[in-house]
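With the UniProt record's numbering, letter number 365 in the sequence shown gets 365, and the count goes up by one each step, no holes.
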Amino acid sequence: MQLSVLKNRLSKPSVIAVLLGAILFIALAGALHTLLDWQVRSSILKHAETKTAAWSTQFFGNIPNAQKVFAEGTLTQEEIRRLEKSFSMVDILHFEFFDEAGHRVLASNTGDPVPDDDSQNMALKVYRSGEPVFAIHHNEGGEQHGGADTVVEAFFPATLPTGERIGSVEVYVDVSELEDALEDSFEEISWILIFATTFILALPAAAYVIRTQQLRNRDMRLLELTKYDQLTGILNRNSISETLEQLLDVSATPQNVGILFVDVDFFKQVNDRFGHACGDRLLKHIADILQQSVRGSNDVVGRFGGDEFIVLCRDIDNADFQHLYGRLMERVKMPFRYQDQNYTPSLSVGAYLARAGDTQKTALHRADLAVYAAKRAGRSQVVEYSSDLEGLFKQEERRQTA
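Structural data, given as structure tokens:
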């Protein structure tokens, strides 16, 4: 009797629906957790790939004798200092360099693991194929790698700016904080997504995509805050200073680096007359003109502060340099319109072609002297630096203090 009653109950559509719903719920829960784990893993690997690419670019940009390092396995104190600085920027805990035969030639002192045949075989494989390889390690040698819970072991080819491969590099990237952030974020919404997916499959998928995009957008915003000027969208002072230091550091012929120090004339009067909103629009207008006047990706434009801008020109001779700033001065003559009023901007520009032995400080000082001379001569012009300006500046100082 009880068996027949149970059979009758089980045959009811409502009971079947509950059972199927429970099965679907369990299946969806397992599938969603698997999907979340896959996304966390994919994000971690993508993050590590971006970090290692940034570190590789900085390393080969800051170490001009990289080929010798891979051949002899030696670094100067200055090069070691740069490497240590680069580690903190991209969360790299350890690196190893391998030559073309897959032999280790250099390793960092932080968390130095004992190399094995597998590492050397992988280094040789990556060198020959030119394709990077990434692997995630959880709690494997955590103490050995600086206490990191999760690290990504990355092998990638050591490639010079010319495209020549000279060996391979193995690095360990700390991704513990990123993994924790992703897991915490996903845990908050995972059960909500599971219940919603039971009824409407599209909603949890959309929420998942949106959440992932929010995390990526947040990272992009943080990157922009540290690299770009928020008003004009061009590089900020720190970024332009780092770029100039790298250009002067690695350039075999630093005199091929052109520097324009641009100052907006009468900017205070514009703010006083038209308001700060107009002043901000004017700065954006000048930034656009600078970007339109340069030679594309070969040149770099940045806001140095206030109404001052810097233009850096790679591999440029004096004739092309003069043509570039001549083009700039012509374009700035176009009136700037604000609230039905026209205003023609004026720029004082100091031009300087870097010389052998220049540092960032000396190069900017000389370009700044040329700006000072342009303003002193009546503004709205370009003055090229010459050694005579040093004496002119000192005479002006003595006259003001007399």
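Glycine is no exception: its CB is placed at the ideal position from the N, C-alpha and C atoms. None of these values were measured; they are calculated from a predicted model.
In chain order, what residues of the same chain have a beta carbon less than 7 Å from the beta carbon of residue i, not counting five sequence neighbours either side?
| i | result |
| --- | --- |
| Thr52 | Ala154, Phe156, Val171 and Val173 |
| Arg165 | Tyr127, Gly130, Pro157, Ala158 and Thr159 |
| Leu248 | Pro254, Val257, Ala354, Asp358, Thr359, Gln360 and Ala363 |
| Asp280 | Leu231 |
Given that a residue counts as buried once 16 or more other Cβ atoms are within 10 Å of its Cβ, and exposed if not, what is residue i?
| i | result |
| --- | --- |
| Thr34 | exposed |
| Leu235 | buried |
| Leu178 | buried |
| Arg41 | exposed |
| Val114 | Residue placement at Val114 is flagged as unreliable, the pLDDT there being 47, under the threshold of 50; the coordinate-derived value follows with that caveat. Per the 10 Å Cβ criterion, exposed. |
| Pro161 | exposed |
| Ala135 | exposed |
| Met122 | buried |
| Trp55 | buried |
| Thr150 | buried |
| Glu330 | exposed |
| Glu384 | buried |
| His145 | Because the pLDDT of His145 is 45, which lies under 50, any placement of that residue in the model is unreliable, and the number read from its coordinates should be weighed accordingly. Result: buried. |
Based on DSSP bridge pairs, tell me the residues matched to residue i.
| i | result |
| --- | --- |
| Cys313 | Gly258 and Asp299 |
| Gln381 | Ser348 |
| Asn342 | Arg337 |
| Leu235 | Tyr228 and Gly302 |
| Ser168 | Phe98 and Pro157 |
| Ile44 | Answer is none; Ile44 lacks a bridge partner. |
| His103 | None; His103 has no bridge partner. |
| His138 | Thr150 |
| Val264 | Leu347 |
| Ile92 | Val173 |
Does DSSP classify residue i as helix, strand or coil?
| i | result |
| --- | --- |
| Phe304 | strand |
| Gly163 | coil |
| Tyr352 | strand |
| Pro113 | Bear in mind that a pLDDT of 48 at Pro113, under 50, signals an unreliable position, so the number given afterwards is only what the model happens to contain. Correct three-state label for Pro113: coil. |
| residue 487 | Here the chain has residues from 1 to 402 only, and residue 487 is not among them. |
| Ser387 | coil |
| Asp174 | strand |
| Val69 | helix |
| Val371 | helix |
| Val294 | coil |
Less than 6 Å between the CB of residue i and some heavy atom of the ligand FMN, yes or no?
| i | result |
| --- | --- |
| Ala158 | The ligand content of the structure shown is nil, which means the ligand FMN is not present either. |
Ignore the nearest five residues each way along the sequence and tell me which others in residue i's own chain have a CB closer than 6 Å to its CB.
| i | result |
| --- | --- |
| Gly258 | Cys313, Ile316, Phe321 and Leu353 |
| Ala367 | Ile259, Phe261, Gly350 and Tyr352 |
| Val332 | Ile289, Pro345 and Leu347 |
| Asp263 | Glu308, Ser348 and Val371 |
Within a Cβ cutoff of 8 Å, which residues of the same chain sit near residue i, ignoring the five residues on either side of it in sequence?
| i | result |
| --- | --- |
| Thr243 | Leu235, Val300, Gly302 and Leu312 |
| residue 403 | Examination of residue 403 is not possible in this model, given that the chain is present from 1 through 402 alone. |
Quick one: is residue i near chain B, going by C-beta distance under 7 Å?
| i | result |
| --- | --- |
| Ala48 | The displayed structure is made up of one protein chain only, and chain B is not part of it. |
Check whether the region 371-384 and the region 286-303 touch, using three or more Cβ-Cβ pairs below 8 Å as the test. no
Looking at C-beta atoms only, is the number of pairs between the region 273-293 and the region 357-368 that lie closer than 8 Å three or more? no
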